[in-house]
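Numbering follows my numbering, in which position 156 of the sequence shown is assigned residue number 170; successive positions increment by one, without gaps. Here a beta-carbon is modelled for each residue, glycine too, at the ideal position from N, C-alpha and C. No experiment lies behind these values; they were computed from the predicted model shown. Data block below; observations after.
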Amino acid sequence: MITLLVLDLKVPETPGLTTGQLLSDLQEQIPNFAAWILSFYMAAFLWMRNFWILKHLQKCDEKTFWLNFVHLMFVSLIPYAASLLGHYEEDAIAVIIFSAILGLASFSLLLLHQYVAAKRDWHLDGAPKLWTNPNLWAMYPAPLFAMGSILISFNNVNGAIAFWFLAPLWTRFFSQR
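Take a look at the structure:
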(Lines of atoms letter the chains of each structure in order from A and count residues from 1; the text may use other names and numbers.)
(Lines give C-alpha, C1' and ligand atoms only; values in the text may rest on other atoms or scores of the structure.)
Protein backbone atom coordinates (compact mmCIF):
# COMPACT_ATOMS: atom_id res chain seq x y z
CA MET A 1 0.00 0.00 0.00
CA ILE A 2 2.72 2.45 0.91
CA THR A 3 4.29 2.09 -2.54
CA LEU A 4 1.00 3.03 -4.21
CA LEU A 5 1.29 6.54 -2.81
CA VAL A 6 4.04 7.41 -5.27
CA LEU A 7 1.84 6.62 -8.28
CA ASP A 8 0.18 10.02 -7.96
CA LEU A 9 3.51 11.81 -8.42
CA LYS A 10 3.76 12.38 -12.16
CA VAL A 11 6.81 13.24 -14.22
CA PRO A 12 6.04 16.04 -16.71
CA GLU A 13 5.37 14.34 -20.03
CA THR A 14 5.64 17.30 -22.39
CA PRO A 15 8.89 16.94 -24.36
CA GLY A 16 11.05 19.98 -24.92
CA LEU A 17 10.01 21.96 -21.87
CA THR A 18 12.22 24.90 -21.04
CA THR A 19 13.77 25.01 -17.59
CA GLY A 20 11.23 27.64 -16.57
CA GLN A 21 8.31 25.53 -17.82
CA LEU A 22 9.64 22.43 -16.05
CA LEU A 23 10.07 24.35 -12.80
CA SER A 24 6.54 25.73 -13.16
CA ASP A 25 5.16 22.24 -13.76
CA LEU A 26 7.04 20.88 -10.75
CA GLN A 27 5.82 23.80 -8.62
CA GLU A 28 2.23 22.90 -9.51
CA GLN A 29 2.90 19.43 -8.08
CA ILE A 30 3.94 20.69 -4.63
CA PRO A 31 0.50 19.84 -3.17
CA ASN A 32 0.87 16.26 -4.45
CA PHE A 33 4.30 16.00 -2.82
CA ALA A 34 2.99 17.44 0.46
CA ALA A 35 0.11 14.93 0.47
CA TRP A 36 2.59 12.15 -0.35
CA ILE A 37 4.93 13.11 2.51
CA LEU A 38 2.11 13.28 5.07
CA SER A 39 0.53 10.06 3.86
CA PHE A 40 3.82 8.20 3.68
CA TYR A 41 4.69 9.21 7.23
CA MET A 42 1.27 8.26 8.59
CA ALA A 43 1.17 4.94 6.71
CA ALA A 44 4.68 4.06 7.93
CA PHE A 45 3.78 5.07 11.49
CA LEU A 46 0.60 2.97 11.43
CA TRP A 47 2.44 0.02 9.89
CA MET A 48 5.14 0.10 12.59
CA ARG A 49 2.56 0.44 15.37
CA ASN A 50 0.53 -2.45 13.95
CA PHE A 51 3.62 -4.67 13.90
CA TRP A 52 4.57 -3.54 17.41
CA ILE A 53 1.09 -4.39 18.74
CA LEU A 54 0.93 -7.85 17.20
CA LYS A 55 4.51 -8.93 17.95
CA HIS A 56 3.82 -8.99 21.71
CA LEU A 57 0.94 -11.46 21.42
CA GLN A 58 1.23 -15.20 21.90
CA LYS A 59 -2.36 -15.80 20.81
CA CYS A 60 -5.40 -13.96 19.51
CA ASP A 61 -9.04 -14.52 18.62
CA GLU A 62 -11.38 -13.79 15.74
CA LYS A 63 -12.20 -10.33 17.11
CA THR A 64 -8.49 -9.47 16.93
CA PHE A 65 -8.48 -10.37 13.24
CA TRP A 66 -11.60 -8.32 12.55
CA LEU A 67 -10.25 -5.29 14.39
CA ASN A 68 -7.07 -5.63 12.34
CA PHE A 69 -9.07 -5.95 9.09
CA VAL A 70 -11.07 -2.81 9.90
CA HIS A 71 -7.79 -1.02 10.54
CA LEU A 72 -6.36 -2.27 7.23
CA MET A 73 -9.53 -1.17 5.43
CA PHE A 74 -8.90 2.43 6.50
CA VAL A 75 -5.17 2.17 5.79
CA SER A 76 -5.93 0.95 2.25
CA LEU A 77 -7.80 4.24 1.64
CA ILE A 78 -4.75 6.39 2.40
CA PRO A 79 -3.52 6.50 -1.25
CA TYR A 80 -6.99 7.65 -2.34
CA ALA A 81 -7.06 10.33 0.36
CA ALA A 82 -3.56 11.51 -0.58
CA SER A 83 -4.50 11.73 -4.26
CA LEU A 84 -7.67 13.65 -3.46
CA LEU A 85 -5.78 16.09 -1.24
CA GLY A 86 -3.01 16.53 -3.81
CA HIS A 87 -5.48 17.36 -6.59
CA TYR A 88 -7.93 19.48 -4.57
CA GLU A 89 -5.63 21.06 -1.99
CA GLU A 90 -7.71 24.26 -1.88
CA ASP A 91 -10.95 22.40 -1.10
CA ALA A 92 -12.00 21.86 2.51
CA ILE A 93 -13.86 18.67 1.54
CA ALA A 94 -10.59 17.08 0.35
CA VAL A 95 -8.93 18.01 3.66
CA ILE A 96 -11.90 16.65 5.62
CA ILE A 97 -11.84 13.32 3.75
CA PHE A 98 -8.04 13.05 4.09
CA SER A 99 -8.20 13.85 7.80
CA ALA A 100 -11.13 11.51 8.44
CA ILE A 101 -9.38 8.57 6.76
CA LEU A 102 -6.13 9.12 8.68
CA GLY A 103 -8.04 9.64 11.90
CA LEU A 104 -10.12 6.49 11.42
CA ALA A 105 -7.05 4.44 10.50
CA SER A 106 -5.35 5.52 13.72
CA PHE A 107 -8.50 5.18 15.84
CA SER A 108 -9.07 1.63 14.60
CA LEU A 109 -5.48 0.77 15.54
CA LEU A 110 -6.00 2.36 18.95
CA LEU A 111 -9.05 0.09 19.44
CA LEU A 112 -7.01 -2.96 18.41
CA HIS A 113 -4.24 -2.06 20.84
CA GLN A 114 -6.71 -1.39 23.64
CA TYR A 115 -8.42 -4.74 23.01
CA VAL A 116 -5.27 -6.88 23.02
CA ALA A 117 -3.62 -4.97 25.88
CA ALA A 118 -6.61 -5.91 28.07
CA LYS A 119 -6.06 -9.64 27.33
CA ARG A 120 -3.26 -10.19 29.86
CA ASP A 121 -3.05 -13.95 29.26
CA TRP A 122 -2.28 -13.32 25.57
CA HIS A 123 0.85 -11.24 26.25
CA LEU A 124 4.32 -12.63 25.71
CA ASP A 125 6.62 -12.46 28.70
CA GLY A 126 8.65 -9.30 28.66
CA ALA A 127 6.10 -7.15 26.81
CA PRO A 128 7.03 -3.53 27.56
CA LYS A 129 4.91 -1.59 30.06
CA LEU A 130 4.20 0.98 27.36
CA TRP A 131 2.54 -1.84 25.40
CA THR A 132 0.62 -3.44 28.27
CA ASN A 133 -0.47 -0.15 29.84
CA PRO A 134 -0.38 2.35 26.96
CA ASN A 135 -1.15 6.05 27.01
CA LEU A 136 -3.36 5.57 23.98
CA TRP A 137 -3.98 9.22 23.07
CA ALA A 138 -0.28 10.03 23.27
CA MET A 139 0.59 6.98 21.14
CA TYR A 140 -2.24 7.42 18.61
CA PRO A 141 -2.67 11.16 18.11
CA ALA A 142 -4.11 11.06 14.58
CA PRO A 143 -7.77 11.07 15.70
CA LEU A 144 -7.02 14.29 17.60
CA PHE A 145 -5.14 15.72 14.63
CA ALA A 146 -8.01 14.71 12.35
CA MET A 147 -10.56 16.54 14.48
CA GLY A 148 -8.30 19.58 14.74
CA SER A 149 -7.58 19.61 11.01
CA ILE A 150 -11.26 19.27 10.14
CA LEU A 151 -12.17 22.19 12.41
CA ILE A 152 -9.32 24.33 11.03
CA SER A 153 -10.35 23.50 7.43
CA PHE A 154 -13.58 25.47 7.82
CA ASN A 155 -11.54 28.67 8.16
CA ASN A 156 -8.16 27.91 6.61
CA VAL A 157 -7.54 24.96 4.29
CA ASN A 158 -3.77 25.47 4.13
CA GLY A 159 -3.61 25.73 7.92
CA ALA A 160 -5.54 22.47 8.21
CA ILE A 161 -3.00 20.72 5.98
CA ALA A 162 -0.06 22.32 7.80
CA PHE A 163 -1.52 21.15 11.12
CA TRP A 164 -0.81 17.55 10.08
CA PHE A 165 2.91 18.32 9.90
CA LEU A 166 2.85 18.60 13.71
CA ALA A 167 2.01 14.87 14.02
CA PRO A 168 5.64 13.69 13.72
CA LEU A 169 6.65 16.17 16.43
CA TRP A 170 3.86 14.93 18.70
CA THR A 171 4.85 11.28 18.30
CA ARG A 172 8.53 12.13 18.74
CA PHE A 173 7.83 14.11 21.91
CA PHE A 174 5.63 11.44 23.48
CA SER A 175 7.82 8.52 22.42
CA GLN A 176 10.53 9.96 24.68
CA ARG A 177 8.25 9.78 27.74
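Could you give the uninterrupted runs of the alpha helix (DSSP H) lying entirely in the stretch 60-136, keeping only those of 4 residues or more? 76-90, 92-101 and 106-131
Quick check on Arg134: buried or exposed, where buried means 16 or more other Cβ atoms within 10 Å of its Cβ? exposed
Does the beta-carbon distance from Ala96 to Ser53 come in below 8 Å? yes
If you follow the alpha helix (DSSP H) that Phe159 is part of, which residue opens it and which one closes it? Ala156 to Ser167
Counting pairs of beta carbons, one from the stretch 151-160 and one from the stretch 106-122, are three or more of them closer than 8 Å? yes
Decide if Ala58 is buried, meaning its Cβ has at least 16 other Cβ atoms within 10 Å, or exposed. exposed
Between the alpha carbons of Trp178 and Met56, how many angstroms are there, rounded? 10 Å
Helix, strand or coil: how does DSSP classify Asp139 here? coil
CA nearest to the CA of Leu123, picked from Gly173, Leu31, His85 and Ala48: His85
Val89 vs Val171 beta-carbon contact at 8 Å: no
Under the rule that 16 or more other beta-carbon atoms within 10 Å means buried, what is Pro142, buried or exposed? exposed
Between the beta-carbon of Glu103 and the beta-carbon of Pro45, is there less than 8 Å? yes
To the nearest angstrom, how far is the alpha carbon of Asp75 from that of Asp39? 51 Å
Cβ shell of Phe78 (< 8 Å), same chain only, five flanking positions each side left out: The sequence given here has Thr at residue 78, not Phe. Closer than 8 Å at the Cβ level, and outside the excluded window around Thr78, lie Leu71, Leu126, Tyr129 and Val130.
Which of the three DSSP states is assigned to Thr185 in this structure? helix
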